[in-house]
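Visitor:
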Amino acid sequence: FYGQPAGQQPAPAWQTAPPHQQPQQQQPPPFYYGVPQNYQPPPYAPQDVGPVLPPQPNGAPIAPTQAYHPNPEVTADFSNAEWKKTDRRYNGNYYTVTHLNYYSNYVNELSNLNWYPSLMRLTVRENELRSLKGIEAVPYLRWIDASANYLKDFQGMGTLMNLEWLDAHQNDVTTVKGLTFAPNLTWLNLHHNYLKTFDGCQALPSLRFLDASDNELRSAKGLEQCHMLQEINMASNHLVDVQSVLDLVNLPHLFR
Numbered sequence: 405f406y407g408q409p410a411g412q413q414p415a416p417a418w419q420t421a422p423p424h425q426q427p428q429q430q431q432p433p434p435f436y437y438g439v440p441q442n443y444q445p446p447p448y449a450p451q452d453v454g455p456v457l458p459p460q461p462n463g464a465p466i467a468p469t470q471a472y473h474p475n476p477e478v479t480a481d482f483s484n485a486e487w488k489k490t491d492r493r494y495n496g497n498y499y500t501v502t503h504l505n506y507y508s509n510y511v512n513e514l515s516n517l518n519w520y521p522s523l524m525r526l527t528v529r530e531n532e533l534r535s536l537k538g539i540e541a542v543p544y545l546r547w548i549d550a551s552a553n554y555l556k557d558f559q560g561m562g563t564l565m566n567l568e569w570l571d572a573h574q575n576d577v578t579t580v581k582g583l584t585f586a587p588n589l590t591w592l593n594l595h596h597n598y599l600k601t602f603d604g605c606q607a608l609p610s611l612r613f614l615d616a617s618d619n620e621l622r623s624a625k626g627l628e629q630c631h632m633l634q635e636i637n638m639a640s641n642h643l644v645d646v647q648s649v650l651d652l653v654n655l656p657h658l659f660r
């Protein structure tokens, strides 16, 4: 349930699909814990609007020629290549794309994401990212897989009110400070990083699931402020502050 959102393509499928393959039609992933506060749906593009037009500078869709209709998920697949930026031209209607897949490349910069104003899912797993700067260009994002990169922190991003799912395992993260850019985050995976403290968790009031296993934690202090937490994994750390762990039993929704 917590490993990947509903509808996520497994890695073997990505490895066999060439970048130019037509996008697969899927349903958008459901929210795990209900709709986030102040959630707004993305501006889905209409069906059959004619030739693809260049995006406007502000990233807003071109005025439609017919009424908007909810579309199934559309994936722009640029996986398993050698791209260094997220600036590949999509062979289709940019405004229909809800999932951008750059799995297993050499991406070190998030650029031109404003080409995809309806984007809800971003896959940049197994790349060379050291920062997530640039994701604020797609304010409707709900799901980011940035695992297996070189991220050290989450500083410098603009606010993403809709983001609820962030996988940043196997990076170089040392602090959760900076996650104020995602006030409605509910699912966070920081397994196999270099996290030393939970300072900054007060910026995550909606957090339900946290995997902080295989880090360098010596205390759980700070998690007591995450009153919506339901599951925590702190295995393979260096916890010596027993009292900070015992304080977590007072969290009203914690069950594991």
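Residue numbers (the numbering used here): 405 to 660.
The beta-carbon is built from N, C-alpha and C at its ideal position, and this holds for glycine as well.
Here the structure is a predicted model, which means the values were calculated and not measured.
Where does the unbroken alpha helix (DSSP H) through V646 begin, and where does it stop?
Guide: Translated into the one-based positions of the sequence shown, residue 646 becomes position 242. Where V646 is concerned, the enclosing alpha helix (DSSP H) stretches over 646-650.
Visitor: Which residues bound the beta strand (DSSP E) around E477?
Guide: Locating residue 477 in the sequence shown gives position 73, where the first residue counts as 1. That run of the beta strand (DSSP E) goes 477-481.
Visitor: Looking at the structure shown, is W569 part of a helix, part of a strand, or coil, going by DSSP?
Guide: One-based indexing of the sequence shown puts residue 569 at position 165. In the structure shown, W569 sits in a strand (DSSP, three-state: E or B).
Visitor: Contact check, N593 vs A607 under 8 Å by CB: the rounded distance?
Guide: As a first step, residue 593 is located in the sequence shown; it is residue number 189 there, counting from the start. As a first step, residue 607 is located in the sequence shown; it is residue number 203 there, counting from the start. With a Cβ gap of about 17 Å, N593 and A607 do not count as contacting.
Visitor: Which residues in the same chain have their Cβ closer than 6 Å to the Cβ of E513, if we skip the five residues on either side of it in sequence?
Guide: If you number the sequence shown from 1, residue 513 lands on position 109. Excluding the 5 residues flanking it on each side, E513 has same chain C-beta neighbours closer than 6 Å at K489, in chain order.
Visitor: Taking N654 and E628 to be in contact with their CB atoms under 8 Å, please state how far apart those CB atoms are, rounded to whole angstroms.
Guide: Along the sequence shown, one-based indexing puts residue 654 at 250. Along the sequence shown, one-based indexing puts residue 628 at 224. For a cut-off of 8 Å, the C-beta gap from N654 to E628 is around 7 Å, short enough to register as a contact.
Visitor: Relative to the alpha-carbon of T500, which residue among D557, D651, Y520 has its alpha-carbon at the smallest distance?
Guide: Locating residue 500 in the sequence shown gives position 96, counting from the first residue. Checking every option, the nearest Cα to that of T500 belongs to Y520.
Visitor: Just to confirm my understanding: we take Y598, look at its own chain, exclude 5 residues before and 5 after, and list those with CB closer than 7 Å. What are they?
Guide: The residue you call residue 598 lines up with position 194 of the sequence shown. Excluding sequence neighbours, Y598 sits near D576, V577, T578, N619, E620.
Visitor: Beta-carbon within less than 7 Å of R660's beta-carbon, same chain only, minus the 5 sequence neighbours each way: which residues are those?
Guide: Counted from its first residue, the sequence shown places residue 660 at position 256. Within the same chain, R660 has close Cβ partners E635.
Visitor: Just confirm the distance between the C-beta atoms of L509 and A485, as a whole number of angstroms; I'd bet it's less than 8 Å.
Guide: Counting from 1 along the sequence shown, the entry for residue 509 is found at position 105. Counting from 1 along the sequence shown, the entry for residue 485 is found at position 81. For clarity, residue 509 is Asn in the given sequence; the question names Leu instead. The pair is a contact, with the Cβ atoms about 6 Å apart (cut-off 8 Å).
Visitor: May I have the straight-line CA-CA distance separating Q470 from L652, to the nearest angstrom?
Guide: In the sequence shown, residue 470 corresponds to position 66, counting from 1. In the sequence shown, residue 652 corresponds to position 248, counting from 1. Low per-residue confidence applies at Q470: pLDDT is 39, beneath 50, and the placement is therefore not dependable enough to give any value.
Visitor: State the DSSP-derived secondary structure class of Q425, mapped to helix, strand or coil.
Guide: Taking the sequence shown and counting its residues from 1, the one referred to as residue 425 is at position 21. Any reading at Q425 must be qualified, since the residue scores a pLDDT of 46, below 50, and its modelled position is unreliable; the value itself is stated next. Of the three classes helix, strand and coil, the one that applies to Q425 here is coil, per DSSP.
Visitor: Counting C-beta neighbours from all protein chains within 10 Å, is the total for A624 16 or more, i.e. buried, or is it exposed?
Guide: Indexing the sequence shown from 1 puts residue 624 at position 220. Buried.
Visitor: Whose CA, out of I539, L533, W569, lies closest to the CA of N516?
Guide: Start at 1 with the first residue of the sequence shown, and residue 516 comes out as number 112. The option with the nearest alpha carbon to N516 is I539.
Visitor: Around the Cβ of A639, are there at least 16 other Cβ atoms within 10 angstroms (buried) or fewer (exposed)?
Guide: One-based indexing of the sequence shown puts residue 639 at position 235. Label assigned to A639: exposed.
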